[in-house]
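The structure under discussion appears below in the form of structure tokens.
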Amino acid sequence: MVCDTELCIIAINAAQVPSARLDDDDVPRIVSSLLPFGSPVITISRDTLEVIDSGYAYQGHVAKTSGTQIPTTSFLNSEYTDISVVIYSNVDVLNFPENLGRGLLLFHNPLARNPLPLGFLQCGLSIGSMMKN
Numbered sequence: 003m004v005c006d007t008e009l010c011i012i013a014i015n016a017a018q019v020p021s022a023r024l025d026d027d028d029v030p031r032i033v034s035s036l037l038p039f040g041s042p043v044i045t046i047s048r049d050t051l052e053v054i055d056s057g058y059a060y061q062g063h064v065a066k067t068s069g070t071q072i073p074t075t076s077f078l079n080s081e082y083t084d085i086s087v088v089i090y091s092n093v094d095v096l097n098f099p100e101n102l103g104r105g106l107l108l109f110h111n112p113l114a115r116n117p118l119p120l121g122f123l124q125c126g127l128s129i130g131s132m133m134k135n
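Our numbering applies: residue 3 is where the sequence shown begins, and numbers increase by one.
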């Protein structure tokens, strides 16, 4: 499907998905569907009640209402190295941000065989990763 030297870019527009506009999480849903970011967690000292650490729980899958388990580890899986980047937006002609490009998210596959260079597109939010093989 994709030649060994070509980029594979997947573009997703979720404008018609009712809950897509409710994505106010620190980690965008498209990111947590490709990497196993779960709920935010914090560690609090019993002695001082101060926050010692914070991060995200590991969530390797999500369950559909049917009970089917959907993995959230695609960008950690060598089977998906053909995918260079996922471009995601929930913007449509009637619902768009004041600054065009703001509703665009570029999520780079950290294991991509042919990565799209960070900063290639000068609009939207480009999410790279420092994870490498």
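Yeah, the Cβ is synthetic: ideal placement off N, Cα and C, and Gly gets one too.
Please report the straight-line C-alpha distance between residue i and residue j, rounded to a whole angstrom.
| i | j | result |
| --- | --- | --- |
| F77 | R48 | 36 Å |
| F122 | F109 | 12 Å |
| D55 | V43 | 8 Å |
| N135 | D28 | Since pLDDT at N135 reaches only 41, below the 50 mark, its modelled position is unreliable, and no value is offered. |
| E52 | I129 | 31 Å |
| A16 | G105 | 11 Å |
Compute the distance between the beta-carbons of residue i and residue j, then report whether it is under 8 Å.
| i | j | result |
| --- | --- | --- |
| L113 | P30 | no |
| N116 | T7 | yes |
| A59 | S34 | no |
| I12 | V93 | no |
Cα-Cα, which of the options is closest to residue i?
| i | options | result |
| --- | --- | --- |
| E158 | F39, E8, N111, G121 | The structure shown does not extend to residue 158, since the chain is modelled only from 3 through 135, so no value can be given for it. |
| Q18 | Y90, L120, L118, P119 | Y90 |
field: Residue ranges of each alpha helix (DSSP H) within the stretch 19–93, 4 or longer
entry: 31–34
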